[in-house]
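Numbering (the numbering used here), first residue to last: 257 to 370. Ideal placement from N, C-alpha and C gives every residue a C-beta, glycine not left out. Below is one structure, written out as structure tokens; the observations come after it.
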């Protein structure tokens, strides 16, 4: 899985391929950045298939992504959400979301977090 840092004020820094073992370290680094140059960590399969984990306060993280899968047919197209934007409590929950994205299909991720 490829990863990047998304800075609030200066764009994206590509991190390359990361392992599951690196996810906790990256999420912890993002949390530590709250007192400096704040960033979130993104994980992606393609330009459209990604998830960002961003610390938003004391022990809270925003899980953010565009929705690219969804319901079938015209009704599914009209009723689907455009983004996943979910706040989770605790570093463990943020890490769990990133690992779930790595381990499961996009559809499964959107069902769980969408």
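For residue 289, the secondary structure class from DSSP, reduced to helix, strand or coil, is helix. When DSSP reads this structure, residue 346 sits in no beta bridge, so it has no partner. A straight-line Cα-Cα distance of about 26 Å links residue 367 and residue 286.
Below 8 Å, enough C-beta pairs join the segment 289-308 and the segment 258-267 to call them touching: three or more. If you compare the alpha carbons of 358, 303, 270 and 288 with that of residue 317, the shortest gap goes to 288.
If one requires a minimum length of 4 residues, the alpha helix (DSSP H) runs lying completely within the segment 260-309 are 279-288, in chain order. Its chain contains 318, 319 and 320 as the residues whose beta carbon lies nearer than 8 Å to that of residue 341, once the 5 sequence neighbours on both sides are disregarded; these appear in chain order.
The beta carbon of residue 290 is closer than 7 Å to those of 311 in its chain, skipping five residues each way along the sequence.
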